[in-house]
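Structure, as structure tokens:
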Amino acid sequence: MAPLTTGVIQAILREFSQQRAGRGRYVSGGGGGSGITATGGVISDYSDPGPGLVYRAHVFASTGSFAVSAVTGTGLVEYLVVAGGGGGGSSNGGGGGGAGGFRTNVSGHPLAGSAFPVSTSPGAYTVTVGSGGAGNGSGDGVNGVDSVFSSITSAGGGGGGGSDISTPISPGSSGGSGGGGGSASSTPGTGGSGNTPPTSPSQGNSGGSGGTDGSTYRNGGGGGGAAPGPPGIGSNFSAGGGGNGGAGSAISISGTSVTYAGGGGGGSLQGSQGAGGAGGGGNGNPVSGFAGTYSTGGGGGGGGSGYPGGGGGNGGSGIVVVRYQISSLTATAKATGGLISFFGGKTIHTFLGTGTFATAPNWTSSPVEYVVVAGGGGGATNYGGGGGAGGYRTGTTPIGAHPVSTTIQIGAGGLQTSSPTVTNGTPSYFGTPITSAGGGGGAPDAIGGPGTGLDAGNAGGSGGGGGLDSPGSVTAAGNTPPTSPSQGNPGGLGSRGVGGPVGTGGGGGGAGGAGANVGAGGLGGPGVQIPSTFLNPISIFGTPGPNPGSGYLAGGGSSGGPAFPVQSTPNPGGGGYQTSYPSGPSASGLENTGGGGGGGYQNPVAGNGGSGIVIIAYPS
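Residue 116 in the working numbering sits at position 88 of the sequence shown, and the numbers go up by one each step.
Take a look at the structure:
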């Protein structure tokens, strides 16, 4: 807790909280006993079907601030803090990444800590959402990043151990949960320790150990966040292959039961692959381990670089949720699915992850308004371009008489790349007719020279930025496949494509404009602000932009280079950027914005694309 000391600082922090983390104000009723007026995050208002209590949850998928302006009751809040998962190891298979630390004080949960009252002094509580650790192409995975709510810190998951004939011991790293051990021809790698640094209750479990078979290289699974015991501990290697990731822990703090903090499965060069633990853990794979699921803290699966392009999977980003009691709901939802809030006579469902929009018995035939944003494309290093934003679509569609069930997919962001393989984001959809295409990946420099077309970014919802040698006649198209209205714009060109003096790439396209050519700064195209229907002061989305308030989505990623000042904030709509020159790293697109990943000059790590989002509104 950092209490505000002056009116000026207080006003600044409140405005920052409104624009960056979710603008809104609500005084909880006295019936709930908490009496909190607060802002921040995406809001979910719901009634717990068990005890019948009514709650407001603030859900943070990216870093922000939980700002309290008044407390008139008990001031008690409950929290969930999940850190980023560890990346999977690799080389000849690799250990699974450990899950991010899992900490909560929700009453009745087996891992519940002590009560947490917010101060009666108005103030801002820091919320940091940790990113997942990178999977390694030829060694140990990288630990995930810590997540923080005020004084509560969950430790990033431990990276999985790599496998190498010349390395007799390839242990998993310690962390919130430990990474799985790698394998070797002699001494196996032990699993990393969980609950490091120690908390009470424990925030995680240890990873499993690797094997000693020098032909199949069987590796351990990463630890998970379940209550201490076998379900949360990563499995040791098995006779057939890699060990399974430890299970995560289920919790209903945001209104529905979700399982978080699953460990990554261990890879095996030739044997069977370990399965990721429940709660977002990625599966092992002999080529490239699967990534942990974003916003779960799942560990990345172990992979192998014995094949071209192989490596461990990235860990999933974490999440922070803060909830407290309110007296009553302002309306009754007519459908289920996502995070539900009420504004302007409308009921709004916000999907941060894949799910189902299902009508309830009180539903009547009605048109619904929607915003569907796909995952952004990955940025590229090595004189690379920024990733294009995920496709942005908005409009209305009819929903008939009950019962109607519609699948919602939230696209994941594309992974950063330093190879000729350019990675697009994944599509998002609201049923099959309404699909937004994943953003095009930014292109790195490639052998071939100017005019060969080898350095053009990928087409997509918005196109990725071109690499160093992208020719002047080749741009990565947006609005691919075509929709009307257009879902995005093209990417920009690299320096040789426009005769620029500086060797670097172009910006990724955004929903609000094309990515800039390198001669114009290589900035990502801007995003667009969502329609006023969704600009609920209780639950706001995206980032700030030129117009008042927040709600900007689908911004392109910027490239980087010596001629341009580095950025410190995302492009409007969540696009990533180069944070420093020349060695980076570059920032990823923000989760649940569809922002493209930032490209880099010569930095070893470019940015991943941000995941997408789907928002639906109908008359209350």
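The beta-carbon is built from N, C-alpha and C at its ideal position, and this holds for glycine as well.
Can you list, in chain order, the residues of its chain with a C-beta nearer than 8 angstroms to that of N575? Leave out the 5 residues immediately preceding and following it.
Taken in chain order, the residues that qualify are Q557.
Taking one C-beta from the segment 116-134 and one from the segment 297-317 each time, how about it: are there three or more such pairs within less than 8 angstroms?
Verdict: yes, contact present.
According to the Cβ coordinates, are S93 and T181 closer than 8 angstroms?
No, Cβ-Cβ distance for S93 and T181 is not below 8 angstroms.
How many angstroms separate the CA atom of A359 from the CA atom of T460?
Per the coordinates, the alpha-carbon of A359 lies some 29 angstroms from the alpha-carbon of T460.
Note down the Cα distance separating Y411 from G190, rounded to an integer number of angstroms.
Near 28 angstroms, if we compare the C-alpha coordinates of G190 and Y411.
Considering only residues of the same chain and omitting the five flanking positions on each side of P138, which have a CB-CB separation below 6 angstroms?
Excluding sequence neighbours, P138 sits near A255.
Can you give the Cα-Cα distance for G268 and G203, rounded to whole angstroms?
Their backbone Cα atoms lie some 27 angstroms apart in a straight line.
Between the C-alpha atoms of G550 and S587, what's the straight-line distance to the nearest angstrom?
One C-alpha to the other measures close to 5 angstroms.
Give me the Cβ distance between G467 and G442, rounded to the nearest whole Å; I'm assuming they're in contact under 8 angstroms.
Correct: roughly 7 angstroms between the Cβ atoms.
Spatial distance of G129 from T597 (CA atoms):
Rounded to whole angstroms, G129 to T597 spans 27 angstroms at the Cα level.
Please name the residue in Q606, G622 and A487 whose C-alpha comes closest to that of P554.
For P554, the closest of Q606, G622 and A487 by C-alpha to C-alpha distance is G622.
Is the segment 371-390 close to the segment 576-586, with three or more CB pairs under 8 angstroms?
Because the criterion of three Cβ pairs below 8 angstroms is not met, the segment 371-390 and the segment 576-586 do not touch.
Whose C-beta lies closer than 7 angstroms to the C-beta of T224 among residues of the same chain, with five residues either side of it excluded?
Closer than 7 angstroms at Cβ, skipping near neighbours: A183, S202 and G203.
Whole angstroms are fine: how far does the CA of S159 sit from the CA of I641?
Roughly 18 angstroms between the two C-alpha positions.
For G209, tell me which candidate among S355, G116, T422 and F370 has the shortest Cα-Cα distance.
G116 is the residue among S355, G116, T422 and F370 whose C-alpha sits nearest the C-alpha of G209.
For A361, does the count of other Cβ atoms within 10 angstroms reach 16, so buried, or fall short, so exposed?
Flag for A361 reads buried.
For S56, does the three-state DSSP call read helix, strand or coil?
Note on S56: pLDDT 41, under 50, position unreliable in the model; the coordinate value appears next. Looking at S56 - three-state DSSP - the assignment turns out to be coil, as it is neither helix nor strand.
Below 8 angstroms CB to CB, which residues in the same chain sit around L357 once its five sequence neighbours on both sides are set aside?
Result list for L357: D73, Y74, S75, V82 and F370, in chain order.
Should N545 go down as buried or exposed, given a rule of 16 or more other Cβ atoms within 10 Å for buried?
Buried: at least 16 other Cβ atoms inside 10 Å.
Name the DSSP beta bridge partners of K374, please?
According to DSSP, K374 bridges with F371 and P647.
DSSP has Q301 in a bridge; who is on the other side?
Answer by DSSP bridge pairing: none, since Q301 is not bridged.
Pick helix, strand or coil for T244, following the three-state DSSP scheme.
Looking at T244 - three-state DSSP - the assignment turns out to be coil, as it is neither helix nor strand.
Excluding the five sequence neighbours on either side, which residues of its own chain have a C-beta within less than 6 angstroms of the C-beta of G206, listed in chain order?
Taking G206 as the centre and dropping the five residues before and after it, the same chain places the C-beta of G126, G186, G200, G219, G220, S221, G222, S234, G235 and G251 closer than 6 angstroms to its C-beta, in chain order.
Only counting the same chain, and skipping five residues up and downstream in sequence, which positions put a Cβ closer than 6 angstroms to that of G60?
Unreliable placement is indicated for G60, whose pLDDT of 48 sits below 50; no coordinate value is reported for it.
Taking only the alpha-carbon atoms, compute the straight-line gap between V400 and S456 and give it to the nearest angstrom.
Distance from the CA atom of V400 to the CA atom of S456, rounded to whole angstroms, is 7 angstroms.
Could you pull the DSSP bridge partners for D73 from this structure?
Beta-bridge pairing links D73 to R84.
Boundaries (first-last residue) of the beta strand (DSSP E) holding G331:
For G331, there is no enclosing beta strand (DSSP E), as DSSP marks it with neither H nor E.
Which one of A645, A275, N620 and P510 has the shortest CA to CA distance from S560?
Comparing Cα-Cα distances from S560 to each of A645, A275, N620 and P510, the minimum goes to A645.
So who's on the other strand from T284, going by DSSP bridges?
Looking at the DSSP assignment, T284 forms no beta bridge with any residue, so it has no partner.
On the criterion of 16 or more Cβ atoms from any shown chain inside 10 Å, does S135 qualify as buried, or is it exposed?
So S135 counts as exposed.
Distance check for A634 and T511, CA to CA, integer angstroms please.
Distance between the alpha carbons of T511 and A634: 30 angstroms.
From what residue to what residue does the beta strand (DSSP E) around I558 run?
Annotation for I558: no beta strand (DSSP E) segment contains it, and DSSP assigns it neither H nor E.
Does the beta-carbon of G52 have 16 or more other beta-carbons within 10 angstroms, so that it is buried, or is it exposed?
At G52, the pLDDT of 31 sits below 50, so the modelled position is not reliable and the matter cannot be decided from this model.
Taking the straight line between their C-alpha atoms, what separation do you get for G418 and G405?
For G418 and G405, the distance between alpha carbons rounds to 7 angstroms.
Are G506 and G489 closer than 8 angstroms when you measure CB to CB?
Contact flag set, yes.
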